[in-house]
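Written out below as structure tokens is the structure these notes cover.
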Amino acid sequence: MSQRPHLSTLTPSELRQRLHSPDGLRLQLGRFVAGIRSNFDSVADGLQALYADYPVATADDFCDYPVELRSSGLRRYVRPQAIFRFEGMQPFKPLPGDQAVAMLEWGLNWVFTNHAQHYLIIHAAVLERDGLGLIMAAPPGSGKSTLCAALALRGWRLLSDELAMIGLDDGLLMPLPRPVSLKNQSIDIVRQLPGQPVIGPIARDTAKGTVAHMRAPRASVEAALTPVQPRWILFPQFGAGHALDIEAHGKAHTFMQLVSNSFNYPRLGVTGFEAMGRLVDGCDGYTARYGSLDQIVPALESICTRSA
Amino acid sequence: MSRQTDTHLARALATPEFTERFDARDWEALIGQARTSDLLGQLAERLRDAGRLESTPSQVRFHLDAALRIAALHRDSLLQELSVIGDAMQSLEQPVLLLKGAAYAAAGLRAGRSRLFNDIDLMVAKNVIDRAEGALFRSGWRPTHLNSYDQRYYREWMHELPPIEHMTRGTVIDLHHTIVPPTSGHIPDAAQLIADARPVALPHCPDVFRVLSPVDMVMHSACHLFFGELQKGLRDLYDLHCLLDEFSPEPGFWAALLPRARAQQLEYPVLLALRFAQRIFGTDIPDAVASECRKRLAARPTGALTDHLIDASMYPLHPSSDSPWRRARRQILYARSHWLRMPLHLLIPHLAYKAFIHDDGKAA
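Keeping their order, the protein sequence lines are chains A and B.
According to the working numbering, the residues represented by the first sequence are 1447 to 1754, in order.
According to the working numbering, the residues represented by the second sequence are 5 to 368, in order.
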């Protein structure tokens, strides 16, 4: 994998050429190859900003997931629309053209959650510290991504901002590092953090408000094929003005909370139950209420240490 | 679309050795076609049976293994639902027929292996259908189409009641009283179908379930495909290929198939099934049956046109096998399926109602 050229070695015109070609730009994302086709210049720019450090697969590699983001017909010139396709199928309604980069991210999330059925998949941010994994599971709006970006900028390895993928056979966390999705105020909060965050194009008035993505740290992308033993499970609850309050949970509570955040738990039947049981058995579970990153980050760094 | 890849899926299902010299692009076309045709599990099963899974590149095998895993889970949950349905239906003291996918799986047929199950299709005699529906309501199933127009559409015109959905588990049951819509003008003898049905034994399940006899099962599968919208044409035809292949050695099967279909006024879909299964999957059909099939199809005035249209629906809706002309022909077939189901004096008011009045998105 290290021999493969990174996306940053392609010139802007080479990148556009690949995006227009029938095979698409073949990007290595964790253990998968996505073939991305697009006629949006904004997608080319977005990829250059957010995926510069990702290896580009060769023509002999099998492409796991071909996706396409396209404006079609005359709409290309008048109020363009972005259409997402996977294998030629169109799982979503089109979005305004200026949301194309965000739609590519959402579309890829959809593809992974619906097709990578070797994993128990939980809606969670996942990071690694000292070789052990922290899973932060929460519904949207809990501050999960902002906290995830803050930890990644402090040197934690980013496995994913969106999908915890737990191997059904080995119980390990499979990394799928991709850009961290930031919404509304958290874009400015993260921009001001130390650690030189790189923020991609901004999409306004989306279904989730204003959306932008932070590039995954290079070290995380380079370690994308190394799985991690899960160790801590956290349910973050951000609220403006909250005092820091961390509460440890029993196994049953942690189990049920994870089930309610899982994408494919019911689909996996007994296999899913066993994988979830093994995960919870090997981890400590907490809920953390907090009002600022200054409170929660040091607290997490003291909980998540090897000796814990 | 490329002419070199557009039949990859059909050929790999018919002859797994076909994948021997595949490169990455061939595998991409094959996996993509199987994904869009709901045939990934069946493809994996076929390659596994032929001992080709080991030599499949590991990146490709990942997706095939995942499909087998999901198919096994689907099967478990189908069997679990059937045991609940069996308990609920026991009080009827009447046979309950399983149709389509559930029947193939319950009867242990090849067509039922490693497939996905969406709705569960059941059939009971018309005079007990209300009691059967009541029994399912008491076990947690609920109507999905509450609109009075939809209720009337199904109950007066169709061969099944409006789908019912389990309130916690979400499983959907279609309860039939016959195998084709009565408004289509084909009126098979449902009592005869039920009388000839064969028992199936399922684990943890009272003895209520039956499946259609082999000849009737092929006939129903053919009606479902060729009177339907042909949206998953290749998958449904693959079912037929598996059924024909597996029933072929049964004594009397081939001698009974066409006469029985004719007696039930359902010869036409069976003729089409034989022709297309042979064309697409190379199904082994006795010469006498195949030549009678050719003769009878040639005698139909619109035979060549229909043949050309249907041919388009036997290619996966995937960029590697699709073309604008094939898409256009599929649209015509979609319109044709409504025409076949209802006479015009019912169809025009029905479509008008759907287009102008009824727009809650739950179209029949």
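The beta-carbon is built from N, C-alpha and C at its ideal position, and this holds for glycine as well.
Per-residue burial, residue i [other beta carbons within 10 Å of its own, 16 or more giving buried]
| i | result |
| --- | --- |
| residue 1643 (chain A) | buried |
| residue 1552 (chain A) | buried |
| residue 139 (chain B) | buried |
| residue 286 (chain B) | exposed |
| residue 1760 (chain A) | Past the edges of chain A, shown from 1447 to 1754, lies residue 1760 (chain A), and the structure says nothing about it. |
| residue 333 (chain B) | buried |
| residue 1514 (chain A) | buried |
| residue 223 (chain B) | buried |
| residue 1673 (chain A) | buried |
| residue 30 (chain B) | buried |
| residue 171 (chain B) | exposed |
| residue 1434 (chain A) | Missing from the structure shown is residue 1434 (chain A); chain A here goes from 1447 to 1754 and no further. |
Boundaries of the alpha helix (DSSP H) in which residue i is found, first to last residue
| i | result |
| --- | --- |
| residue 1561 (chain A) | 1546-1561 |
| residue 1531 (chain A) | That residue, residue 1531 (chain A), is in no alpha helix (DSSP H); its beta strand (DSSP E) goes 1527-1532. |
| residue 123 (chain B) | First-last for residue 123 (chain B): undefined, no H or E at that position. |
| residue 3 (chain B) | Because chain B is modelled from 5 through 368, residue 3 (chain B) falls outside the range shown and cannot be assessed. |
| residue 1702 (chain A) | 1697-1706 |
| residue 1721 (chain A) | 1715-1727 |
| residue 399 (chain B) | Chain B is shown only over 5 to 368; residue 399 (chain B) falls outside these bounds and no answer can be derived. |
Partners in chain A for residue i, counting only beta-carbon separations shorter than 7 Å
| i | result |
| --- | --- |
| residue 28 (chain B) | 1506, 1507 and 1508 |
| residue 20 (chain B) | Correct list: empty, because the minimum Cβ distance to chain A is about 18 Å. |
| residue 64 (chain B) | 1508 |
| residue 207 (chain B) | Simply none; closest approach about 15 Å. |
Distance cut-off 7 Å: residue i Cβ against heavy atoms of the ligand NAD
| i | result |
| --- | --- |
| residue 1586 (chain A) | The model on display carries no ligand, and the ligand NAD is accordingly not part of it. |
Beta-carbon proximity check, residue i vs residue j, cutoff 8 Å
| i | j | result |
| --- | --- | --- |
| residue 60 (chain B) | residue 322 (chain B) | no |
| residue 1616 (chain A) | residue 1678 (chain A) | no |
| residue 10 (chain B) | residue 217 (chain B) | no |
| residue 1660 (chain A) | residue 1680 (chain A) | no |
| residue 1510 (chain A) | residue 37 (chain B) | no |
| residue 232 (chain B) | residue 318 (chain B) | no |
| residue 192 (chain B) | residue 178 (chain B) | no |
| residue 263 (chain B) | residue 198 (chain B) | no |
| residue 182 (chain B) | residue 169 (chain B) | no |
| residue 110 (chain B) | residue 215 (chain B) | yes |
| residue 276 (chain B) | residue 314 (chain B) | yes |
| residue 1648 (chain A) | residue 1656 (chain A) | yes |
| residue 1584 (chain A) | residue 1682 (chain A) | yes |
| residue 1527 (chain A) | residue 1512 (chain A) | no |
Residue i - containing beta strand (DSSP E), residue span
| i | result |
| --- | --- |
| residue 170 (chain B) | 168-170 |
| residue 1744 (chain A) | Unbroken run through residue 1744 (chain A) is the alpha helix (DSSP H), 1739-1749; no beta strand (DSSP E). |
| residue 177 (chain B) | 176-180 |
| residue 1629 (chain A) | 1626-1629 |
| residue 100 (chain B) | 100-103 |
| residue 1565 (chain A) | 1565-1575 |
| residue 132 (chain B) | Per DSSP, residue 132 (chain B) belongs to no beta strand (DSSP E) and is neither H nor E. |
| residue 1648 (chain A) | Taken as a continuous stretch (DSSP letters only), residue 1648 (chain A) belongs to no beta strand (DSSP E), as it is neither H nor E. |
| residue 1407 (chain A) | Past the boundaries of the shown model lies residue 1407 (chain A); chain A is included only from 1447 to 1754, so the question cannot be answered. |
| residue 1482 (chain A) | 1478-1484 |
| residue 1514 (chain A) | 1511-1516 |
| residue 186 (chain B) | First-last for residue 186 (chain B): undefined, no H or E at that position. |
Beta-carbon neighbours of residue i, restricted to chain A and to distances below 8 Å
| i | result |
| --- | --- |
| residue 329 (chain B) | Near residue 329 (chain B) there are no residues of chain A at all, since even the closest Cβ is about 16 Å away, more than 8 Å. |
| residue 321 (chain B) | 1534 and 1535 |
| residue 80 (chain B) | 1715 and 1716 |
| residue 70 (chain B) | 1561, 1562, 1563 and 1564 |
Neighbouring residues, chain B, relative to residue i (Cβ below 9 Å)
| i | result |
| --- | --- |
| residue 1449 (chain A) | What residue 1449 (chain A) touches in chain B: nothing, since even the nearest Cβ is about 17 Å away. |
| residue 1512 (chain A) | 32, 36 and 323 |
Beta-carbon neighbours of residue i, restricted to chain A and to distances below 9 Å
| i | result |
| --- | --- |
| residue 8 (chain B) | Within chain A, no residue comes near residue 8 (chain B); the closest Cβ sits about 13 Å away, beyond 9 Å. |
| residue 53 (chain B) | By Cβ distance, chain A contributes nothing, its closest Cβ being about 21 Å from residue 53 (chain B), past 9 Å. |
| residue 326 (chain B) | 1534 |
Closer than 8 Å at the beta carbon, the chain B residues around residue i
| i | result |
| --- | --- |
| residue 1717 (chain A) | 73 and 77 |
| residue 1713 (chain A) | 74 and 77 |
Closer than 7 Å at the beta carbon, the chain B residues around residue i
| i | result |
| --- | --- |
| residue 1535 (chain A) | 40 |
Query raised in the report: Would you say the segment 1680-1699 of chain A touches the segment 1724-1739 of chain A, given that touching needs at least three Cβ pairs under 8 Å?
Result: Here the segment 1680-1699 of chain A makes contact with the segment 1724-1739 of chain A; the two share three or more CB pairs at distances below 8 Å.
Query raised in the report: Is the segment 223-238 of chain B in contact with the segment 171-190 of chain B, if contact means three or more CB pairs nearer than 8 Å?
Result: Taking 8 Å as the limit for Cβ pairs, the verdict is that the segment 171-190 of chain B does touch the segment 223-238 of chain B.
Query raised in the report: Okay, do the segment 98-106 of chain B and the segment 146-165 of chain B touch, 3+ Cβ pairs below 8 Å being the bar?
Result: Touching, no.
Query raised in the report: Does the count of Cβ pairs from the segment 1564-1573 of chain A and the segment 1607-1621 of chain A closer than 8 Å reach three?
Result: Between the segment 1564-1573 of chain A and the segment 1607-1621 of chain A, the count of C-beta pairs closer than 8 Å reaches three or more; the two stretches touch.
Query raised in the report: For the 8 Å Cβ check, are there 3 or more pairs between the segment 127-142 of chain B and the segment 70-78 of chain B?
Result: Short answer: they don't touch.
Query raised in the report: Quick one: any contact between the segment 1544-1551 of chain A and the segment 1482-1495 of chain A, if contact means 3 or more CB pairs under 8 Å?
Result: Contact check between the segment 1544-1551 of chain A and the segment 1482-1495 of chain A: three or more CB pairs, one atom from each, fall below 8 Å, which counts as touching.
Query raised in the report: Counting pairs of Cβ atoms below 8 Å between the segment 1598-1607 of chain A and the segment 1664-1673 of chain A, do you hit three or more?
Result: Judged by Cβ distances under 8 Å, the segment 1598-1607 of chain A makes contact with the segment 1664-1673 of chain A, as three or more pairs qualify.
Query raised in the report: So does the segment 1453-1466 of chain A actually touch the segment 1490-1507 of chain A, counting three or more Cβ pairs closer than 8 Å?
Result: Using a C-beta cut-off of 8 Å, the segment 1453-1466 of chain A makes contact with the segment 1490-1507 of chain A, since at least three inter-stretch Cβ pairs fall below that distance.
Query raised in the report: Would you say the segment 1588-1600 of chain A touches the segment 1629-1642 of chain A, given that touching needs at least three Cβ pairs under 8 Å?
Result: Output reads yes: the segment 1629-1642 of chain A touches the segment 1588-1600 of chain A.
Query raised in the report: Within the chosen definition, does the segment 273-288 of chain B reach the segment 243-259 of chain B through at least 3 CB pairs nearer than 8 Å?
Result: Segments in contact, yes.
Query - Cβ pair count under 8 Å reaching 3, the segment 14-29 of chain B against the segment 1702-1717 of chain A - result: The segment 14-29 of chain B is not in contact with the segment 1702-1717 of chain A.
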